[in-house]
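Notes follow once the structure below has been shown.
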Amino acid sequence: MTVLVGYLPNPLGEATLRAGVEESRRRSEPLVVLNMSRDDVLVDARRAPADDLARVERDVAELGVDVEVVQVAEGSDPAEVILAEAAGRGASVVVIGLRHRTAVGKLILGSVAQRVLLDARCPVLAVKEERP
Amino acid sequence: MDNLNALLGGFADVITPMNLLIALLGVTVGTAVGVLPGIGPAMTVALLLPITYGLPVEQSLILFGGIFYGGMYGGSTTSILLNTPGESASVVTALEGNKMAKAGRAAQALATSAIGSFVAGTIATALIVLVMPQVVSFAITLGSPEFLAIILVAFVGTAAILGSSRVRGFAALLVGLSLGLVGTDFVTGQQRLTFGSPFLADNIDVVVVAVGIFAVGEALWVAAHLRRKAGTVIPVGRPWMSRQDWGRSWKPWLRGTALGFPFGAIPAGGAEIPTFLSYLAERKLTKHPEEFGQGAIEGVAGPEAANNASAAGTMVPLLALGLPTNATAAIIIAAFMSYGIEPGPLLLTKEPDLVWMLIASLFIGNFFLLVLNLPLAPTWAKLLRIPRPYLYAGILFFASMGAYAVNAQPFDLFLLLALGGLGFAMRRFGLPVLPLIVGTILGPLFEKHMRRSLQTTGGDVSGLVGGPVAWVCYAFVLAVLLWPLVAKLLRRGRGGDDGPDDGSPHPPGVPLTGVAQWQGPSS
Chain A
255 MTVLVGYLPN
265 PLGEATLRAG
275 VEESRRRSEP
285 LVVLNMSRDD
295 VLVDARRAPA
305 DDLARVERDV
315 AELGVDVEVV
325 QVAEGSDPAE
335 VILAEAAGRG
345 ASVVVIGLRH
355 RTAVGKLILG
365 SVAQRVLLDA
375 RCPVLAVKEE
385 RP
Chain B
45 MDNLNALLGG
55 FADVITPMNL
65 LIALLGVTVG
75 TAVGVLPGIG
85 PAMTVALLLP
95 ITYGLPVEQS
105 LILFGGIFYG
115 GMYGGSTTSI
125 LLNTPGESAS
135 VVTALEGNKM
145 AKAGRAAQAL
155 ATSAIGSFVA
165 GTIATALIVL
175 VMPQVVSFAI
185 TLGSPEFLAI
195 ILVAFVGTAA
205 ILGSSRVRGF
215 AALLVGLSLG
225 LVGTDFVTGQ
235 QRLTFGSPFL
245 ADNIDVVVVA
255 VGIFAVGEAL
265 WVAAHLRRKA
275 GTVIPVGRPW
285 MSRQDWGRSW
295 KPWLRGTALG
305 FPFGAIPAGG
315 AEIPTFLSYL
325 AERKLTKHPE
335 EFGQGAIEGV
345 AGPEAANNAS
355 AAGTMVPLLA
365 LGLPTNATAA
375 IIIAAFMSYG
385 IEPGPLLLTK
395 EPDLVWMLIA
405 SLFIGNFFLL
415 VLNLPLAPTW
425 AKLLRIPRPY
435 LYAGILFFAS
445 MGAYAVNAQP
455 FDLFLLLALG
465 GLGFAMRRFG
475 LPVLPLIVGT
485 ILGPLFEKHM
495 RRSLQTTGGD
505 VSGLVGGPVA
515 WVCYAFVLAV
525 LLWPLVAKLL
535 RRGRGGDDGP
545 DDGSPHPPGV
555 PLTGVAQWQG
565 PSS
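Those protein sequences? They're chains A and B, same order as listed.
Residue numbers for the first sequence follow the working numbering, beginning at 255 and rising by one.
Residue numbers for the second sequence follow the working numbering, beginning at 45 and rising by one.
This is the structure we're talking about:
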């Protein structure tokens, strides 16, 4: 059993990671940090650079949490990748970030978070960005 | 002074709300497609050609001119931010531009390329005004044999000088010439290469060839290959430059313009060679040699200026001789033909208003581009996040619609698919696309001039060798064709241990063709 965190290289991703670490301590289960980027676009803001992922691994390990960092850079559907990883690793909880979206954004793009919330077999912890 | 008056007349014609709107649309679309690697202005103009049948000829030319200039601006954005040139003329910009971006100076790199493009574009467009009428008055005196020789120079230039391999260049040219042959012989009325099909008897429409090779070929290629990991976004602020950056940029801008314009203006030019020469010149002349390779601003300013100046220079042979020297110009020639206007030396006398209006619109488009690109560069970079499936689905839709619109015959759709397969195979085997398009468009013209010269001398071969102009052209062609052989002999004579650069038959663009081939030769 693991705690799976969907990590993004932005403040929301940091908040998600903090919640994931807490959850992993509470459940005393190892943490899996997953970063997904699509391979059918030229640049993806979701893609975390290698040094960022190394920093995440170091920081979380320093907190005394058993952590594995996974980067998936194939496929075109982050929700599917998160769900597949969660099922494959038998995750007991999935931690993802939620953000407000504009009306136009909702119209054009599907929501990764919504699909994870609806389709995951395990409980999902949704984290909001911290407001200053 | 006549030129300036005529140009002012052109400005007066252009400044109507509708025309300005079309120019704005053109440069916006041009920048967008320039930003996206693999989708160049040539493909876009080919896709839009059938859609603009409903527009008056002036407006569709303003649109195409805007797309052409816009593509040159947009290409640099991708080069700098992603190290992936949006089109082949921006390959050199990536060398220093991407280093600058990685060092956190993306804003300055984008600024110097946008302002440099504006400066070079404006100067070079002004040079068109000065040079073009002179070239026209010279070109009117030329007869068919001379034109035959000049077209031959354009053929050899696109096939042998540009690109990495002359064998591949000539192979592509031959395919293009064969496609241009299909149809009814205009002298004897014989059917050639039609395989008895009535659909082919009326020549293959250039739009179908261009859309098939550029759009469908590129879409198939992307579908087959380009699944690669996404890049990370380099954050860009609003482009700006410090006083020091200005001081280091203005000379490279002017030098780049001086290099780029003549290369664009000769029938065998193109933008790849002058951009590379400009890069070499800046590296030699810089006061900060240690910065080259780490992101020197001169290495962005010079090539970008050369790139835009050569794009403007292309307009000279296009308007004065009816000769295209790059793929976009080739499609614009096809656009002229589709409106029943014959491009060539008589264009300026027959349609002076149209020509001057087009040039005036280039000035205005250039100004729009500066306004669009300087503050909006971060927005353009967002285009790179569009998933490829959406993009190419749209392209295939427009491609099929355009090919069908030409004759309203389902046959053209099958032809489009076949030509798309050809375009895919050419990318697969590294054949350049430009010689094919130039061959298809200029092939019939070449044949016409050849038949005409032979008819005037009653079939005697001496009719092909006209006056001094033709001699110079043939000498150039021979020199280009024989140069590898001569170089080989020279090298053997000197002991054969020269540096790798010496006597190389290829232009300096060669080390970069790996990059250029990746994005498909679609400039």
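For each residue, glycine too, the CB sits at the ideal point set by N, CA and C.
Is B:N451 helix, strand or coil by DSSP? By one-based count along the second sequence, residue 451 of chain B stands at place 407. Looking at B:N451 - three-state DSSP - the assignment turns out to be helix.
Spell out the partners DSSP gives B:R236 in its beta bridges. By one-based count along the second sequence, residue 236 of chain B stands at place 192. Answer is B:G227, bridged to B:R236.
Any residues in the region 273-292 of chain B with a beta carbon nearer than 9 Å to a beta carbon of chain A? Which ones, in chain order? K273, A274, G275, T276, V277 and I278
Measure the C-alpha to C-alpha separation of A:V319 and A:M255 and round it to an integer number of angstroms. As a first step, residue 319 of chain A must be located in the first sequence, where it is residue number 65. As a first step, residue 255 of chain A must be located in the first sequence, where it is residue number 1. One C-alpha to the other measures close to 14 Å.
Alpha helix (DSSP H) segment containing A:E322, residue limits: To locate residue 322 of chain A, count along the first sequence from 1; it is residue 68. No alpha helix (DSSP H) holds A:E322; the beta strand (DSSP E) holding it covers V321 to V326.
When DSSP labels each residue in this structure, what does B:V280 get in the three-state scheme? Taking the second sequence and counting its residues from 1, one reaches residue 280 of chain B at position 236. Three-state result, B:V280: coil.
I think A:G274 touches A:V257, with their Cβ atoms under 8 Å apart; what is that distance to the nearest whole Å? Within the first sequence, the letter at position 20 stands for residue 274 of chain A. Within the first sequence, the letter at position 3 stands for residue 257 of chain A. 6 Å between Cβ atoms; contact.
Chain B contacts made by the region 325-348 of chain A, where a contact means CB separation under 7 Å: A327 and S330
Check for me: the beta strand (DSSP E) holding A:M290 runs from which residue to which? As a first step, residue 290 of chain A is located in the first sequence; it is residue number 36 there, counting from the start. A:M290 -> beta strand (DSSP E) spans L285 to M290.
Which whole-angstrom value describes the C-beta separation of B:P361 and B:P311, a residue pair presumed to lie in contact below a C-beta threshold of 8 Å? As a working mapping, residue 361 of chain B is identified with position 317 in the second sequence. As a working mapping, residue 311 of chain B is identified with position 267 in the second sequence. Right, their Cβ atoms sit about 5 Å apart.
Under three-state DSSP, which class holds A:S346? Residue 346 of chain A sits at position 92 when you count from the first residue of the first sequence. It is a strand residue.
On the CB-based measure, 16 or more other CB atoms within 10 Å of its CB, does B:H269 come out buried or exposed? The count along the second sequence starts at 1 and reaches residue 269 of chain B at position 225. Classification of B:H269: exposed, given that the 10 Å Cβ count is below 16.
Return helix, strand or coil for B:V251, following the three-state DSSP convention. For the purposes of this step, residue 251 of chain B is identified with residue 207 of the second sequence, where counting begins at 1. DSSP places B:V251 in helix when its eight states are reduced to three.
Please classify A:Y261: is it buried, with 16 or more other beta-carbons within 10 angstroms of its beta-carbon, or exposed? Sequence index remark: in the first sequence, residue 261 of chain A carries index 7 (1-based). The residue in question, A:Y261, is buried, as its Cβ has 16 or more Cβ neighbours within 10 Å.
Going by other Cβ atoms of all chains shown within 10 Å of its Cβ, with 16 needed for buried, is B:N63 buried or exposed? For the purposes of this step, residue 63 of chain B is taken as the residue at position 19 of the second sequence. Classification for B:N63: buried.
Kindly indicate if chain B contains any beta-carbon less than 8 Å away from that of A:V297. Start at 1 with the first residue of the first sequence, and residue 297 of chain A comes out as number 43. Taking Cβ atoms only, chain B reaches closer than 8 Å to A:V297, which makes this a yes.
From this set, B:A145, B:G54, B:F490 and B:Y448, which residue's C-alpha is nearest B:I95's C-alpha? Taking the second sequence and counting its residues from 1, one reaches residue 95 of chain B at position 51. Per the Cα distances, B:Y448.
Give the residues from the region 70-84 of chain B that approach chain A closer than 9 Å (Cβ to any Cβ), ordered along the chain. L80 and P81
Once you ignore the five residues that flank A:V370 on each side, which residues in its own chain have a CB closer than 7 Å to its CB? Counting from one through the first sequence, the residue named residue 370 of chain A turns up at place 116. A333, I336, L337, V348, I350 and V378, listed in sequence order.
Tell me, which residues are paired with A:A380 by DSSP? Mapped onto the first sequence, residue 380 of chain A falls at position 126. In the DSSP output, where bridge partners are listed per residue, A:A380 has A:I350.
Could you list which residues in chain A have their beta carbon closer than 8 Å to that of B:R429, in chain order? Position 385 of the second sequence, counting from 1, holds the residue named residue 429 of chain B. Result: V295, L296, V297, D298 and A299.
Taking C-beta to C-beta, are B:L217 and B:L480 nearer than 8 Å? Locating residue 217 of chain B in the second sequence gives position 173, counting from the first residue. Locating residue 480 of chain B in the second sequence gives position 436, counting from the first residue. Yes, Cβ-Cβ distance for B:L217 and B:L480 is below 8 Å.
Can you grab the Cα-Cα spacing for the pair A:V259 / A:V287, in whole Å? Against the first sequence, residue 259 of chain A aligns to sequence position 5. Against the first sequence, residue 287 of chain A aligns to sequence position 33. Going by the C-alpha atoms only, they are around 5 Å apart.
Given this structure, state the Cα-to-Cα distance separating B:A353 from A:E268, to the nearest angstrom. Within the second sequence, the letter at position 309 stands for residue 353 of chain B. Within the first sequence, the letter at position 14 stands for residue 268 of chain A. If you take the alpha carbons of B:A353 and A:E268, they lie about 47 Å apart.
Going by beta-carbon coordinates alone, are B:V251 and B:G98 separated by less than 8 Å? Translated into positions along the second sequence, residue 251 of chain B becomes position 207. Translated into positions along the second sequence, residue 98 of chain B becomes position 54. The answer is no: Cβ separation not under 8 Å.
Over the uninterrupted alpha helix (DSSP H) stretch that includes A:G260, give me the two end residues. On the first sequence, residue 260 of chain A is found 6 positions in, with the first residue counted as 1. Element bounds for A:G260: not the alpha helix (DSSP H) but the beta strand (DSSP E), T256 to G260.
Beta-carbon within less than 6 Å of B:P296's beta-carbon, same chain only, minus the 5 sequence neighbours each way: which residues are those? Mapped onto the second sequence, residue 296 of chain B falls at position 252. Excluding positions up to five away in sequence, the list reads E326, E342, A345 and G346.
Got a sec, what are the start and stop residues for the alpha helix (DSSP H) A:V297 sits in? If you number the first sequence from 1, residue 297 of chain A lands on position 43. No alpha helix (DSSP H) holds A:V297; DSSP gives it neither H nor E.
Pull up the DSSP beta-bridge partners for B:G275, would you. Along the second sequence, read from residue 1 onward, the residue named residue 275 of chain B stands at position 231. According to DSSP, which records beta bridges pairwise, B:G275 is partnered with A:V297.
Taking 8 Å as the CB-CB cut-off, is B:A309 touching chain A? Translated into positions along the second sequence, residue 309 of chain B becomes position 265. B:A309 does not count as touching chain A.
Less than 8 Å between CB atoms is the rule here; does B:L126 satisfy it with respect to chain A? By one-based count along the second sequence, residue 126 of chain B stands at place 82. So yes, B:L126 belongs to the interface.
Can you name, in chain order, every residue of its own chain whose Cβ lies under 7 Å from the Cβ of B:I59, other than the five neighbours on each side? Looking up residue 59 of chain B in the second sequence gives position 15. Hits under 7 Å: none found.
Under 7 Å, CB to CB, which of the residues in the region 401-428 of chain B have a partner in chain A? L428
Quick check: is the beta carbon of B:R496 nearer than 8 Å to any beta carbon in chain A? The residue given as residue 496 of chain B occupies position 452 in the second sequence. Chain A, which has no Cβ nearer than 8 Å to the Cβ of B:R496, makes this no.
Inter-residue CB distance, B:F162 and B:L406 (contact presumed, cutoff 8 Å): For the purposes of this step, residue 162 of chain B is taken as residue 118 along the second sequence, with counting starting at 1. For the purposes of this step, residue 406 of chain B is taken as residue 362 along the second sequence, with counting starting at 1. Not confirmed; about 12 Å, so no contact.
Could you work out which residues of chain B lie near A:S291, taking near to mean beta carbons separated by less than 8 Å? Mapped onto the first sequence, residue 291 of chain A falls at position 37. Per Cβ cutoff of 8 Å: K273 and A274.
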